[in-house]
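*Asks:* If you use full-length UniProt numbering, the sequence shown closes out at 371, no skipped numbers anywhere.
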Amino acid sequence: MSSGSPRPDGRRYEVPIGIEIAAAWSWRLIVIAVAGYALAWLLGFLSEVTVPLAVGLLLTALTAGAVDGMHRRRVPRVLATFIVVIGMLVAVGGLVTVVGAQLSTQFNDLRDAVVEGISQLQDWAKQGPLNLSDAQLAQWIDRVQAAIASSDSSVVSQATEVGTRVTHFVAGFFIAIFAAFFFLYDGARIWNWIVQFFPRASRDKVRSSGRAAWGSLTAFVRATVLVALADAVGIALVAVILQVPLALAIGVLVFLGAFVPIVGALISGLVAVLVALVAHGPITALLMLAGVVAVQQIESHVLQPFLMGHIVAIHPLAIIVAIAAGIVIAGIVGALLAVPFAACVNSIVRHLAEGDPPVTDGMVGDESRDT
């Protein structure tokens, strides 16, 4: 028992020690939660800057090894950074070109398939279990057309919103590229500058924790790219075998979607199933679904454990919770960044709790930045 507040007779109230400990923990946890909420609100308020910076950091984690490798071969670091950044731009341009070319060549075929599918659906509605008459079917079509027409008044505002979003996307893209350039070229100096904001006694721990987190982030991003590439090639190959339209575009979509672990590639793979259903009917769609599931099983049971290893070992439940929390906080962007963030936090906690030697790689921890 511990002494508490005095009573009128001079004696003190007895407060159990467990209550005192719980109260001490409670107010500290409340302060941490409020600070975390304030930080999340600030990052969300500045999302047009913070999100491109985060994307630039992921691009840096992916390509830092290439810059360091060229620098070790006596290529000036600034030149190596330029080469890598230009390579990233060429890769993005190539993906856009591939998708655009395939859409331009196969979109008409897909549109014809959609028209035919709608016609078949109308025939099924009249002759199938619904047994709708021509008048009833026309009434349903009129309702759909009326619903579409009722939204015409908002077309201008929606077009304006889309234009604003496209402008923000383009601006964010260039911010991410410029951020990646400076992270690649001068990342260690930037990190050392950030460390100076911490108390002197804790700077060594902060610096080593940053190195551990950076090693985990680079391993995660590189492994994710390989897994995404395997998913994209596998699902696109199934689409090619089944002669599903837009196979290359589907592969690009799967590649981008796979950056959200577990659910991303599956959802983007369902797009391939939908295209197969529209283009060739339910049998091909079922075969496409079987191919997507098979690729996902190979990825989750072979590629993920082999490539990720113990460096970014996070329990699948933790991944699902992190993705769900990311979606609630920041939508699709939150889902993209949630798992890398969880991997970094997991690495830092392990490093501080177990004293793991920090992994030095690329931007963080490399003190030499001569050009």
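Beta carbons: idealized from backbone N, C-alpha and C, even for Gly. Predicted model only: the values in this text are computed from it and were never measured.
Identify whether Val275 lies in helix, strand or coil by the three-state DSSP scheme.
*Replies:* If DSSP states are grouped into helix, strand and coil, Val275 belongs with the helices.
*Asks:* Does DSSP put Val96 in a helix, a strand or coil?
*Replies:* helix
*Asks:* Any beta carbon from chain D within less than 8 Å of Val51's own beta carbon?
*Replies:* Chain labels in this structure do not include chain D; a single protein chain is all it has.
*Asks:* With distances taken between CB atoms, is the gap from residue 380 to Ala338 smaller than 8 Å?
*Replies:* The chain is shown from 1 up to 371; residue 380 falls before or after that span and cannot be answered.
*Asks:* Roughly how many angstroms separate the alpha carbons of Pro52 and Val78, rounded to a whole number?
*Replies:* 22 Å
*Asks:* Which one of Ala212, His168 and Val252 has the shortest CA to CA distance from Arg350?
*Replies:* Scanning Ala212, His168 and Val252 for the CA closest to the CA of Arg350 turns up Ala212.
*Asks:* Roughly how many angstroms separate the alpha carbons of Gly264 and Gln296, rounded to a whole number?
*Replies:* Rounded to whole angstroms, Gly264 to Gln296 spans 11 Å at the Cα level.
*Asks:* Mapping the DSSP letters down to three states, classify Val339 as helix, strand or coil.
*Replies:* helix
*Asks:* Drop a sphere of 10 angstroms on the beta-carbon of Ser208, count the other beta-carbons inside from all chains shown, and report buried for 16 or more, exposed for fewer.
*Replies:* buried
*Asks:* Below 6 Å CB to CB, which residues in the same chain sit around Ile175 once its five sequence neighbours on both sides are set aside?
*Replies:* Excluding sequence neighbours, Ile175 sits near Pro52.
*Asks:* Please go through the same chain and pick out, in chain order, the residues whose beta-carbon is closer than 7 Å to the beta-carbon of Leu229, but skip the five residues on each side of it.
*Replies:* Phe255
*Asks:* Rounded to a whole number of angstroms, what is the C-alpha to C-alpha distance between His71 and Ala188?
*Replies:* About 14 Å.
*Asks:* Keeping to the same chain, check which residues put their C-beta closer than 7 Å to that of Ile348; ignore five residues upstream and five downstream.
*Replies:* Ser209, Ala212 and Ala213
*Asks:* From Leu274 to Gln243, what does the alpha carbon distance come to, in whole angstroms?
*Replies:* 14 Å
*Asks:* I'd like the span of the alpha helix (DSSP H) that includes Ser208, first residue to last.
*Replies:* Arg203 to Ile241
*Asks:* One question on the structure: do Val84 and Ala66 come within less than 8 Å of each other, judged by their Cβ atoms?
*Replies:* Yes; because the gap between Cβ atoms is below 8 Å, this pair is in contact.
*Asks:* Hey, Leu289 and Val271: beta-carbon distance below 8 Å or not?
*Replies:* no
*Asks:* Would DSSP call Arg77 helix, strand or coil?
*Replies:* helix
*Asks:* Tell me whether Trp25 is buried or exposed, calling it buried when 16 or more other Cβ atoms sit within 10 Å of its Cβ.
*Replies:* Looking at its Cβ environment, which holds fewer than 16 other Cβ atoms inside 10 Å, Trp25 is exposed.
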